[in-house]
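Peer 1: Handing you a structure now.
Numbering (full-length UniProt numbering), first residue to last: 1 to 170.
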């Protein structure tokens, strides 16, 4: 059987601890202010320039690391909902290897649904892709996207088409 003194001591410790944490969180919490001493902007080609000193008083709701297709779409969607979003991209230069920069027709339809259709049509230097051409052992076959039931502009888009034939062995 638990003694009355232990129960009273437990309740007292809980109340004092709660008051202590409320005081600490109100003192340290609230609006966090910090100063950016120097902000450096890179153009992706190794050229950087310093931007003026600025103060930041607002908090960030979401930080997204990676500004490719998924990161940019997520950032746009969250910002549209009223969240403060910061996007961090390591490098905006073209990679020196073959990468998956093909926007499939389903992804394009999702951009239309999100209201981002213009981003795939105007803001990137992309070529329309109508299907695939596969090569192996001297044989080839072409496969078209089955897009008969969609609008005429629904196609895949490849951001860096010069990489598609980067290597004969690829």
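Heads up, the beta-carbon is just placed ideally off N, CA and C, and yes, glycines get one too.
1) Kindly provide the ranges of any alpha helix (DSSP H) runs that are 4 or more residues long and lie completely inside the UniProt domain "FAD-binding" (60-144), ordered along the chain.
2) Alpha carbon to alpha carbon, how far is residue 88 from residue 11? Give it in angstroms, no decimals.
3) Answer with buried or exposed for residue 133, where buried requires no fewer than 16 other C-beta atoms within 10 angstroms of its C-beta.
4) In its own chain, which residues sit with a C-beta less than 8 Å from the C-beta of residue 71, not counting the 5 before and 5 after it?
5) Alpha carbon to alpha carbon, how far is residue 6 from residue 84? Give it in angstroms, no decimals.
6) Look at the alpha carbon of residue 67 and the alpha carbon of residue 24, and state the distance between them as a whole number of angstroms.
7) With DSSP as the reference, label residue 5 as helix, strand or coil.
8) Who are the near neighbours of residue 112 in its chain, counting only those whose CB is closer than 7 Å to its CB and skipping five residues on each side?
9) With DSSP run on the structure shown, which of helix, strand or coil describes residue 12?
10) I'd like to know whether the C-beta atoms of residue 116 and residue 79 end up nearer to each other than 9 Å.
Peer 2: Reading it off the structure:
1) 69-80, 105-113, 117-121
2) Locating residue 11 in the chain shown gives position 11, counting from the first residue. Locating residue 88 in the chain shown gives position 88, counting from the first residue. Distance between the alpha carbons of residue 11 and residue 88 is about 46 Å.
3) Numbered from 1 along the chain shown, position 133 holds the residue referred to as residue 133. Its Cβ having fewer than 16 others within 10 Å, residue 133 is exposed.
4) The residue you call residue 71 lines up with position 71 of the chain shown. These residues qualify, in order along the chain: 64, 65, 87, 89.
5) As a first step, residue 84 must be located in the chain shown, where it is residue number 84. As a first step, residue 6 must be located in the chain shown, where it is residue number 6. Using only the alpha carbons, I get a separation of about 47 Å.
6) Here residue 67 is taken as the residue at index 67 of the chain shown, counted from 1. Here residue 24 is taken as the residue at index 24 of the chain shown, counted from 1. If you draw a straight line from the Cα of residue 67 to the Cα of residue 24, it is about 37 Å long.
7) Within the chain shown, the letter at position 5 stands for residue 5. Helix.
8) For the purposes of this step, residue 112 is taken as the residue at position 112 of the chain shown. Once the five neighbours on either side are set aside, residue 112 has no close Cβ partner at all.
9) Position 12 of the chain shown, counted from the first residue, corresponds to residue 12. Under the three-state reduction of DSSP, residue 12 is assigned to helix.
10) Here residue 116 refers to the residue found at position 116 when the chain shown is read from its first residue. Here residue 79 refers to the residue found at position 79 when the chain shown is read from its first residue. No, they are not a contact pair.
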